[in-house]
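Here the protein sequences line up with chains A and B, keeping their order. Numbering (full-length UniProt numbering) for the first sequence: 1 to 308. Numbering (full-length UniProt numbering) for the second sequence: 1 to 308. Here a beta-carbon is modelled for each residue, glycine too, at the ideal position from N, C-alpha and C. Before any comments, here is the structure.
Number of protein chains: 2
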Amino acid sequence: MSKCNLLTQANTAKLVEDIDTVLFDCDGVLYTGGHPVAGSQEMLQKLRNMGKRIFFITNNSSRSNRQFVAKLNKLGFPAEEAEAVSTSWVAAWYLKEQNFKGKVYLVGNTGMAEELDNAGIKYTGLGPDVAEEESIWDTVDNSHQIFPIDPEVQCVLVGFDQHISFPKLLKAASYLKNEKVLFLATNEDPRLPLKNAPITMPGTGCIVSPVRIASGREPLVLGKPNTPMFDSIHEKYHIDPAKTLMVGDSLKTDILMGNKCGLKSLLVLTGINSLEDAKSVMNSSSPDVQQQAPDFYIEDIGQFGQFL
Amino acid sequence: MSKCNLLTQANTAKLVEDIDTVLFDCDGVLYTGGHPVAGSQEMLQKLRNMGKRIFFITNNSSRSNRQFVAKLNKLGFPAEEAEAVSTSWVAAWYLKEQNFKGKVYLVGNTGMAEELDNAGIKYTGLGPDVAEEESIWDTVDNSHQIFPIDPEVQCVLVGFDQHISFPKLLKAASYLKNEKVLFLATNEDPRLPLKNAPITMPGTGCIVSPVRIASGREPLVLGKPNTPMFDSIHEKYHIDPAKTLMVGDSLKTDILMGNKCGLKSLLVLTGINSLEDAKSVMNSSSPDVQQQAPDFYIEDIGQFGQFL
Numbered sequence: 001m002s003k004c005n006l007l008t009q010a011n012t013a014k015l016v017e018d019i020d021t022v023l024f025d026c027d028g029v030l031y032t033g034g035h036p037v038a039g040s041q042e043m044l045q046k047l048r049n050m051g052k053r054i055f056f057i058t059n060n061s062s063r064s065n066r067q068f069v070a071k072l073n074k075l076g077f078p079a080e081e082a083e084a085v086s087t088s089w090v091a092a093w094y095l096k097e098q099n100f101k102g103k104v105y106l107v108g109n110t111g112m113a114e115e116l117d118n119a120g121i122k123y124t125g126l127g128p129d130v131a132e133e134e135s136i137w138d139t140v141d142n143s144h145q146i147f148p149i150d151p152e153v154q155c156v157l158v159g160f161d162q163h164i165s166f167p168k169l170l171k172a173a174s175y176l177k178n179e180k181v182l183f184l185a186t187n188e189d190p191r192l193p194l195k196n197a198p199i200t201m202p203g204t205g206c207i208v209s210p211v212r213i214a215s216g217r218e219p220l221v222l223g224k225p226n227t228p229m230f231d232s233i234h235e236k237y238h239i240d241p242a243k244t245l246m247v248g249d250s251l252k253t254d255i256l257m258g259n260k261c262g263l264k265s266l267l268v269l270t271g272i273n274s275l276e277d278a279k280s281v282m283n284s285s286s287p288d289v290q291q292q293a294p295d296f297y298i299e300d301i302g303q304f305g306q307f308l
Numbered sequence: 001m002s003k004c005n006l007l008t009q010a011n012t013a014k015l016v017e018d019i020d021t022v023l024f025d026c027d028g029v030l031y032t033g034g035h036p037v038a039g040s041q042e043m044l045q046k047l048r049n050m051g052k053r054i055f056f057i058t059n060n061s062s063r064s065n066r067q068f069v070a071k072l073n074k075l076g077f078p079a080e081e082a083e084a085v086s087t088s089w090v091a092a093w094y095l096k097e098q099n100f101k102g103k104v105y106l107v108g109n110t111g112m113a114e115e116l117d118n119a120g121i122k123y124t125g126l127g128p129d130v131a132e133e134e135s136i137w138d139t140v141d142n143s144h145q146i147f148p149i150d151p152e153v154q155c156v157l158v159g160f161d162q163h164i165s166f167p168k169l170l171k172a173a174s175y176l177k178n179e180k181v182l183f184l185a186t187n188e189d190p191r192l193p194l195k196n197a198p199i200t201m202p203g204t205g206c207i208v209s210p211v212r213i214a215s216g217r218e219p220l221v222l223g224k225p226n227t228p229m230f231d232s233i234h235e236k237y238h239i240d241p242a243k244t245l246m247v248g249d250s251l252k253t254d255i256l257m258g259n260k261c262g263l264k265s266l267l268v269l270t271g272i273n274s275l276e277d278a279k280s281v282m283n284s285s286s287p288d289v290q291q292q293a294p295d296f297y298i299e300d301i302g303q304f305g306q307f308l
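Quick look at the structure:
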């Protein structure tokens, strides 16, 4: 099938007939800057009325599935916890799948901690951990024993952490000196998709990168464009990739994951990428970049709803 | 001249005859883990007695030149401020060279601040700047106005900052939304060269990287392997590259800068890189990697002193 097709009334009917499941990226798709995209709630209701199965897939690791659903509800999107797939939850799911028995050094947040608690996985590191006023270099010169290394730690898990600090980077990198210690990251989004904002909000990629650099190791990244988020629901609910549509605003994460997993893919233009971006990847000479090209695009998700 | 020659009694005599200036990287060369390398102080005194000009070149941006000299003195190395070239100082030198009149948003430390003060350059951002307990995502949802943007800021300068925090990353990336705002970094060393330590100490590269990722911009990096450190003393003291020896423990920073600037280069094996590393870059098929090959290598700087 050709790529980058404009979604119209006509081909929407065919597409909807071919699918029984829709995965929605949320920020930049269903809402932007904390406000629902016009018509997005109605669109969702129509899909539900048609009997389509819905999942909400977010790379954002700052909330547990429970908190993520609460946010969706607050924004006017009815949703259940079983429909939510956050990278916080997927991290705990992955560790359970691996039959992980050790303790996690968590560079993360209360949402990630909640998912680890739900999975019965021990962790340490949550919350503020700030540097002393004394120069850390003087400390190094005087002694290498800067913090007590916990021998139970068998995994460093990095996600969004608004309390990221030098001591946390030091501890994470130090645990990772042991090659047997797992290095997991929820996602690597460079920034939050804020449109027309005067500020830039750093994303989890900005927390993962210094741990990678300090440790010299590569993390297993759970979020999009990698496949564990899809793997988790595929395993749990046996959904059929060929009958599944991935809707997202990012070519590099949403669309690429969709294409990697054999899903149909739809780009909306209310977030990170533009139509020019989509055409540019479609026409790239690199097969890896080409893999980011969506099957369809549409201005916004409200318009998709109108075609339903 | 062939590369990677073992420095011996015989070729040391010739080398020393050919040079009038020696640039020393310090950590991993003159001292390691806060202790002078055996014989390093005597080596330095011999060079001084021969009338060689000495410079101490450090990518470490955590001290002003004054503080850097104090550290050298404390470790038993007589040194003067005019011989010190730290990236903290070079950052201020570079801004003066550019006739910079604005304010700097500093992600750095008191040493960098001291150099900016000495150069009469205004700055903001020094010291702790920690995140509120409230989720930053809720703040974003409610309003984009998270901090007052200072219109005087015309440069984001990033160096070692043990108070690195999410609000600092957010502010740095937000200032960099304006393409006219300069983006400078002192250096990108991934970690401090601690040999046999149970911990990994993140370097300035771990502070620069998240700002780069969040802003989507590339910094001008002042430290080695780039040339501004050499440019600064070349301009100030008119030293002759062909008569200058660069001594370092890192192929990617010290030796590469030396080779880029047309200096002679000597690798010591008491820090980051091994002889195998040096031979591997020498035999690389990539010209860029080959450029990291030193002219000479020696086990440690004390042995160099014995040959003098």
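Q) Whose CA, out of 19(A), 252(A), 53(A), lies closest to the CA of residue 294(A)? A) Taking the first sequence and counting its residues from 1, one reaches residue 294(A) at position 294. The shortest C-alpha separation from residue 294(A) is found at 252(A).
Q: Report yes if the C-beta distance between residue 261(B) and residue 214(A) is below 7 Å; otherwise report no.
A: Here the question's residue 261(B) lines up with position 261 in the second sequence. Here the question's residue 214(A) lines up with position 214 in the first sequence. No, the pair does not count as a contact, with Cβ atoms beyond the cut-off.
Q. Do residue 17(B) and residue 305(B) have their C-beta atoms closer together than 7 Å?
A. Here residue 17(B) refers to the residue found at position 17 when the second sequence is read from its first residue. Here residue 305(B) refers to the residue found at position 305 when the second sequence is read from its first residue. Result no, Cβ atoms of residue 17(B) and residue 305(B) do not sit closer than 7 Å.
Q | Reduced DSSP secondary structure (H/G/I, E/B, other) of residue 234(B) | A | Along the second sequence, read from residue 1 onward, the residue named residue 234(B) stands at position 234. In the three-state reduction of the DSSP assignment, residue 234(B) falls in the helix class.
Q. Since residue 94(B) sits in a beta bridge, which residues does DSSP pair it with?
A. Here residue 94(B) is taken as the residue at index 94 of the second sequence, counted from 1. For residue 94(B), DSSP assigns no beta-bridge partner whatsoever.
Q: Could you name the residues of chain B that residue 217(A) contacts, counting a contact when the two beta carbons are closer than 8 Å?
A: Taking the first residue of the first sequence as position 1, residue 217(A) is located at position 217. Ordered by position in chain B, no residue passes the 8 Å Cβ test against residue 217(A), which lies about 10 Å from the chain.
Q | Secondary structure, alpha helix (DSSP H): runs of 4+ residues fully inside the region 188-255 of chain A | A | Qualifying alpha helix (DSSP H) stretches, in chain order: 205-215, 228-237.
Q) Helix, strand or coil: how does DSSP classify residue 259(B) here? A) Here residue 259(B) refers to the residue found at position 259 of the second sequence. Helix at residue 259(B).
(Q) Counting only Cβ-Cβ distances shorter than 8 Å, please list the residues of the region 195-210 of chain A near chain B, keeping chain order. (A) Per Cβ criterion, the list reads 197, 198, 199, 200, 201, 202, 203, 205, 206, 207, 209, 210.
(Q) Quick check on residue 174(A) - is its C-beta less than 7 Å from some C-beta in chain B? (A) Locating residue 174(A) in the first sequence gives position 174, counting from the first residue. Using beta-carbon distances, residue 174(A) counts as an interface residue toward chain B, with a partner under 7 Å.
Q) What is the rounded straight-line gap between the Cα of residue 92(B) and the Cα of residue 154(A)? A) Counting from 1 along the second sequence, the entry for residue 92(B) is found at position 92. Counting from 1 along the first sequence, the entry for residue 154(A) is found at position 154. For the pair residue 92(B) and residue 154(A), the Cα-to-Cα distance works out to about 43 Å.
Q | Cα-Cα separation, residue 2(A) to residue 248(A) | A | Here residue 2(A) refers to the residue found at position 2 when the first sequence is read from its first residue. Here residue 248(A) refers to the residue found at position 248 when the first sequence is read from its first residue. Going from the Cα of residue 2(A) to the Cα of residue 248(A) covers about 18 Å.
Q: Please check if any C-beta of chain E sits within less than 7 Å of the C-beta of residue 66(B).
A: Any reference to chain E falls outside this structure, whose protein chains are A and B.
Q. Which residues, in order along the region 177-191 of chain B, keep a beta-carbon less than 7 Å from a beta-carbon of chain A?
A. Considering only beta carbons, the part of the region 177-191 of chain B lying closer than 7 Å to chain A consists of 177, 190, 191, in chain order.
Q | Within chain A, partners of residue 131(B) - CB distance below 7 Å | A | The residue given as residue 131(B) occupies position 131 in the second sequence. Neighbours of residue 131(B) on chain A, chain order: 162, 163.
(Q) Output needed for residue 237(B): all residues of its chain with C-beta closer than 8 Å, excluding positions within five of it in sequence on either side, in chain order. (A) Within the second sequence, numbered from 1, the residue matching residue 237(B) stands at position 237. Taking C-beta separations shorter than 8 Å and ignoring five residues to either side along the sequence, the partners of residue 237(B) in its chain run 53, following chain order.
Q | Neighbourhood of residue 190(B) by C-beta distance below 8 Å, restricted to the same chain and skipping five residues each side | A | As a position in the second sequence, residue 190(B) is number 190, starting the count at 1. Taking C-beta separations shorter than 8 Å and ignoring five residues to either side along the sequence, the partners of residue 190(B) in its chain run 202, 203, 205, 206, following chain order.
Q: Assign residue 264(B) to one of two classes, buried (16 or more other C-beta atoms within 10 Å of its C-beta) or exposed (fewer than that).
A: Taking the first residue of the second sequence as 1, we reach residue 264(B) at position 264. With 16 or more other Cβ atoms within 10 Å, it is buried.
(Q) List, in chain order, every chain B residue whose beta-carbon is nearer than 7 Å to that of residue 57(A). (A) Locating residue 57(A) in the first sequence gives position 57, where the first residue counts as 1. The premise fails here: residue 57(A) is roughly 17 Å from chain B at the closest Cβ pair, so nothing lies under 7 Å.
**Q.** Proximal chain B residues relative to residue 214(A), where beta-carbon distance stays under 9 Å
**A.** Here residue 214(A) is taken as the residue at index 214 of the first sequence, counted from 1. The contacting residues are 190, 191, 200, 201, 202, 203, 205, 206.
Q.
In the DSSP assignment, the beta strand (DSSP E) including residue 184(A) goes from what residue to what residue?
A. Against the first sequence, residue 184(A) aligns to sequence position 184. It spans 182-185 - the beta strand (DSSP E) in which residue 184(A) sits, taken as one unbroken run.
Q: Rounded to whole angstroms, what's the CA-CA distance from residue 200(A) to residue 270(A)? Just pull it up for me.
A: Position 200 of the first sequence, counting from 1, holds the residue named residue 200(A). Position 270 of the first sequence, counting from 1, holds the residue named residue 270(A). In this structure, the straight-line span from the alpha carbon of residue 200(A) to that of residue 270(A) is close to 17 Å.
Q) What are the complete alpha helix (DSSP H) segments, minimum 4 residues, inside the region 258-308 of chain B? A) Counting whole runs of 4 or more residues, the region 258-308 of chain B contains the alpha helix (DSSP H) stretches 275-282, 287-290, 301-307.
Q.
Tell me whether the region 79-96 of chain A and the region 227-242 of chain A touch, counting them as touching only if at least three CB pairs, one residue from each stretch, are closer than 8 Å.
A. Contact holds: three or more Cβ-Cβ distances are below 8 Å.
**Q.** Neighbour flag for residue 100(B) against chain A, beta carbons, 7 Å
**A.** Walking along the second sequence from the start, residue 100(B) turns up at place 100. No - not a single Cβ of chain A is within 7 Å of the one on residue 100(B).
Q | For residue 106(A) and residue 219(A), the rounded distance between their alpha carbons | A | As a position in the first sequence, residue 219(A) is number 219, starting the count at 1. As a position in the first sequence, residue 106(A) is number 106, starting the count at 1. Approximately 14 Å between the Cα atoms of the pair.
Q: Would you decide whether residue 292(A) is buried or exposed? Buried here means 16 or more other CB atoms lie within 10 Å of its CB.
A: Locating residue 292(A) in the first sequence gives position 292, counting from the first residue. Burial call: buried.
Q) Nearest chain B C-beta to residue 166(A) closer than 7 Å, yes or no? A) Within the first sequence, numbered from 1, the residue matching residue 166(A) stands at position 166. Interface residue, yes.
Q: Measure how close the beta-carbons of residue 161(A) and residue 108(A) come, nearest whole angstrom, since I'm counting them as under 8 Å.
A: Here residue 161(A) corresponds to residue number 161 of the first sequence, with the count starting at 1. Here residue 108(A) corresponds to residue number 108 of the first sequence, with the count starting at 1. Residue 161(A) to residue 108(A), Cβ: 5 Å. Contact.
Q: To the nearest angstrom, report how far apart residue 259(A) and residue 123(B) are at their CA atoms.
A: For the purposes of this step, residue 259(A) is identified with residue 259 of the first sequence, where counting begins at 1. For the purposes of this step, residue 123(B) is identified with residue 123 of the second sequence, where counting begins at 1. The alpha-carbon atoms of residue 259(A) and residue 123(B) are separated by roughly 47 Å.
Q: Rank 297(A), 216(A), 156(A), 131(A) by C-alpha distance to the C-alpha of residue 7(A) and give the top, closest one.
A: Numbered from 1 along the first sequence, position 7 holds the residue referred to as residue 7(A). The residue from 297(A), 216(A), 156(A), 131(A) with its alpha-carbon nearest to that of residue 7(A) is 297(A).
Q. Got a sec: is the Cβ-Cβ distance from residue 75(A) to anything in chain B below 7 Å?
A. Translated into positions along the first sequence, residue 75(A) becomes position 75. So, not an interface residue.
Q. What three-state label does DSSP hand residue 55(A) in the structure shown?
A. Within the first sequence, numbered from 1, the residue matching residue 55(A) stands at position 55. Strand.
Q | Close Cβ partners of residue 228(A) (< 7 Å) along its chain, the five nearest in sequence each way excluded | A | Along the first sequence, one-based indexing puts residue 228(A) at 228. Excluding positions up to five away in sequence, the list reads 90, 94, 222.
**Q.** C-beta contact flag for residue 194(B) and residue 76(B) at 7 Å
**A.** For this step, residue 194(B) is matched to residue 194 along the second sequence. For this step, residue 76(B) is matched to residue 76 along the second sequence. No; because the gap between Cβ atoms is not below 7 Å, this pair is not in contact.
Q.
Does chain A have any CB closer than 7 Å to the CB of residue 146(B)?
A. In the second sequence, residue 146(B) corresponds to position 146, counting from 1. At least one chain A Cβ lies under 7 Å of residue 146(B).
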